[in-house]
Structures are given as C-alpha cells and as structure tokens.
Amino acid sequence: PRLIGLLAAHFAAQDHGRVDRLRRLLHSVEGQTRRVPLLVSWSAEDAPAAAEDIGRQSVAERAAAVFGEFEELGVVYAMPRLRGRSSQFEHYSRLQQTMARHVKADRQPLVFFTDDDDIWHPQRAEEYLAAATQHPEAEVLACRMHISPGLAPRLPPEASAQEVSRRQAAGEFRVTLCDEKPSEGLFGTATGEYFDIAVAWQVFEAFFRRHNDAVIGNCFADIRFRTFLLRWPGCIHRFLPRGYSDDGQDEAPWMYFYDRPTEAYTTPTTEEDLRYVCDDLPDVERISGIRQTLDCVLFQLAPTRPPLQITDLQFAQKLVGILRDQNRGTVLMALDRCRIHGVQVVGGADTNSPWAWPPPVDGD
640 PRLIGLLAAH FAAQDHGRVD RLRRLLHSVE GQTRRVPLLV SWSAEDAPAA AEDIGRQSVA
700 ERAAAVFGEF EELGVVYAMP RLRGRSSQFE HYSRLQQTMA RHVKADRQPL VFFTDDDDIW
760 HPQRAEEYLA AATQHPEAEV LACRMHISPG LAPRLPPEAS AQEVSRRQAA GEFRVTLCDE
820 KPSEGLFGTA TGEYFDIAVA WQVFEAFFRR HNDAVIGNCF ADIRFRTFLL RWPGCIHRFL
880 PRGYSDDGQD EAPWMYFYDR PTEAYTTPTT EEDLRYVCDD LPDVERISGI RQTLDCVLFQ
940 LAPTRPPLQI TDLQFAQKLV GILRDQNRGT VLMALDRCRI HGVQVVGGAD TNSPWAWPPP
1000 VDGD
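Numbers given in the numbering used here equal positions in the sequence shown, counted from 1, plus 639.
Printed below as a string of structure tokens:
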C-alpha cells in the first residue's frame, strides 16, 4: 500500500511558539522507520512588527525557513504559503484538489493526518502500513489509542518522541481507548481525534464532494470529518499499536501524541453571531456559545450520505432539545444553521410546528 501524510497549518502573526513546535513535529516525521511523503498546505498572517521584533524574523518567515530546511532533507513537500487566514479543512481541500490531478484510478493512496504541533511515534507510518497490509479490504484504518497530556501542561517545544515514550511508560499521560466496535448514541465515538485515522483516497475525496464550503470552513469541520470517517459504509478496521493489548499488560506503545490538555473548547464571538440578536437572544456571547453547540451537534447528527436530512423530531429533541435556552430565537437559529450547512429538516419543520417554543397549551 502507498501512504501519504497531510499537514494543514496556519500560523498567527505572533505565534512564534507554534513554529518551534512545527520543528518538533518535523523531527518526529524525519525519525520514521518507514519514510512516507508529507504534503503541506499552510498559511500565515502578516502583521506590523512590534518594537521588540525589529530585526527578528516574522512568524511567516520562520515557518517558511523551517519548511525549506526539511524540504531539503526530503521530509516534507510544502505548497506555497497562503496569505491571511485559512481554516484547517480549507487547507485539506486545497491538498485534495492538487492531489486529484495526480492520483491514478489504479493506484490510489491511503492518506493520514497530522497537526503542526504534535509528535509522531517513530513507527507511526509503519503501523498504518502494517494494518493496511493485513487488512487490504479496509478503507478506514482507525487506531483505537488516543494519547494526550490530560490535565498536565503541554510538552515543551524541544520535547522528542523518545521523551513521550518515556513519560508514557511512566504513566504520566492520559490514554483513552475507543471501543473495538462503534458505540451507539450521538457522542458514542467522541474519544480521540481524526489524527488517529488513515483513510483510502476515495473516502477523503468523498468528504469534500459531499459537503459545502460552509462546512469546510467551519471550526468544527474536524468533528464532522471524524464522524464521516467512522460512519463510512465500507470496511473499517480498528486496531491497537502492536505490543499493546486491551488489558494494558504489555509494553505501552503509542502512535500519535496529541499535545492538547483536556479543557473546554470555545471560539470567539464573530460577526456571524450578530445576525441572531433578537428579543429572545439579546446576549451575543451567549449566541456564540449556542452557535458552537448547534454546529458541533449538527455535524454529528446529520447523516454522512446524501440526502443530508434530519427529521423534525431529531431537530426538536437532539438539536434544539439539548439547549438550555429554548425559544423562538433558538429555533430560528437552529434552522438557519441547518440551512447554512446544507442539512434539510424534513417533516414540516418550521416555527409553527407542534414542538416550537413555547409549546401549545391543551385547549388552545
């Protein structure tokens, strides 16, 4: 099997620490026991230099230098920088469109993914290739192990894969295992990240073909993507790294260190939130939280194959029904989020439906 790594990266104007962690990532890629291509789409913001930055390279210049250094070593192949901000999945879309011009029908690769500030085990690529060789029918290869700092702080930029292995063996990190068989329920497969998964090219291509630009540009596109992969109708093979068993009695290997402490995730208020301000929803910060909740749940609730529809009962119970605020404003907001992301509510859903807030009173 042929395996290709994909990296989608954005660097904020003052985020020098992210460039340091990019170097850490690429060192771990360089140390793979089975070298595979790593293709990169990246963007960086321009910003006026602060007084203390005079004479110092900008974040964009430093990131370009790091990519150039590792390109010379044959570790990475980076596309030209995009100026301004692009979302992670806008970068993946760019990579998909570029690769589509070269992928041949009789030689389609597997692709797997990485963030720019995490760390690979030296055998990460080898483990995916071994799983693909043993299960050639599989179109989705999902590593069941997810390793992260848990409640501990992030690792320093100079940390190595060897340090991760040492601290993992000492039990210092949070290790979670996905079920061997998918769990039922909306959040049944919530453990882990899409970075734990490798997929056949046709699966990767299908995701972009079936979703609109609003989904691709959304900050929760990663949740939709992981849901899409784990609900793929073809063969899915779930596995543990060799040397690890469910009872944890063997050696403690790992594949991908996701360097994020466990914490609540929110995004800032945007201009998009202002459109929902009304008498029922006067607080724009509260609207921002509702928008994020609706998008996150909708991306897991909607089917992954056309037609992208949910029933009015699902809308009422599993989308609007999970909100603390339930009123006409949230119903209209939820309907609009469905419209934006190309999900149709079927069964007569509108603000006059029996489940609309407030509910009808018997005898009215």
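Ideal Cβ positions, reconstructed from N, Cα and C, are used throughout, including at glycine. These numbers were taken from a predicted model, which means no experiment stands behind them.
Cβ pair residue i, residue j closer than 8 Å
i: residue 706; j: residue 679; result: yes
i: residue 898; j: residue 758; result: yes
i: residue 863; j: residue 938; result: yes
i: residue 715; j: residue 837; result: no
i: residue 860; j: residue 854; result: yes
i: residue 985; j: residue 951; result: yes
i: residue 790; j: residue 672; result: no
i: residue 868; j: residue 755; result: no
i: residue 971; j: residue 953; result: no
Buried/exposed call for residue i, threshold 16 Cβ in 10 Å
i: residue 741; result: exposed
i: residue 805; result: exposed
i: residue 727; result: buried
i: residue 961; result: exposed
i: residue 819; result: exposed
i: residue 866; result: buried
i: residue 831; result: buried
i: residue 594; result: Residue 594 cannot be examined here, being either before or after the span of the chain that is shown, 640 to 1003.
i: residue 701; result: buried
i: residue 963; result: exposed
i: residue 712; result: exposed
Three-state secondary structure assigned by DSSP to residue i
i: residue 645; result: strand
i: residue 759; result: strand
i: residue 837; result: strand
i: residue 969; result: helix
i: residue 662; result: helix
i: residue 804; result: helix
i: residue 787; result: strand
i: residue 715; result: coil
i: residue 962; result: coil
i: residue 771; result: helix
i: residue 751; result: strand
i: residue 735; result: helix
i: residue 983; result: strand
i: residue 858; result: coil
i: residue 866; result: helix
Contacts around residue i, its chain only, beta-carbon distance under 8 Å, and the 5 residues preceding and following it disregarded
i: residue 887; result: Any answer about residue 887 is weak, because its pLDDT of 49 lies below 50 and its placement is not dependable; what the coordinates show is given next. Cβ within range, chain order: n/a, list empty.
i: residue 879; result: 782, 783, 784, 816 and 885
i: residue 912; result: 923, 926, 927 and 930
Residue-level contact to chain C via CB, residue i, 8 Å cutoff
i: residue 671; result: Checking the listed chains, one finds no chain C in this structure; it contains a single protein chain.
Sequence-distant residues of the same chain with beta carbon closer than 6 Å to residue i, five excluded per side
i: residue 893; result: 760, 786 and 807
i: residue 973; result: 933, 958 and 959
i: residue 748; result: 641, 643 and 840
i: residue 776; result: 874
i: residue 847; result: 732 and 735
Selected residue, minimal CA-CA separation from residue i, among the options
i: residue 593; options: 788, 916 and 848; result: One cannot answer for residue 593 here, as it falls past the ends of the chain, which runs 640 to 1003.
i: residue 764; options: 938, 695, 667 and 865; result: 667
i: residue 646; options: 812, 953 and 834; result: 834
i: residue 843; options: 800, 733 and 812; result: 733
i: residue 704; options: 770, 683 and 724; result: 683
i: residue 976; options: 905, 800 and 857; result: 857
i: residue 737; options: 944, 799, 719 and 925; result: 719
i: residue 699; options: 725, 653, 673 and 708; result: 653
i: residue 949; options: 978, 965 and 969; result: 978
i: residue 798; options: 943, 665 and 965; result: 665
Cβ neighbours of residue i in the same chain (closer than 7 Å, five flanking residues each side left out)
i: residue 656; result: 796
i: residue 717; result: 679, 681, 706 and 710
i: residue 725; result: 649 and 682
i: residue 675; result: 642, 643, 644 and 764
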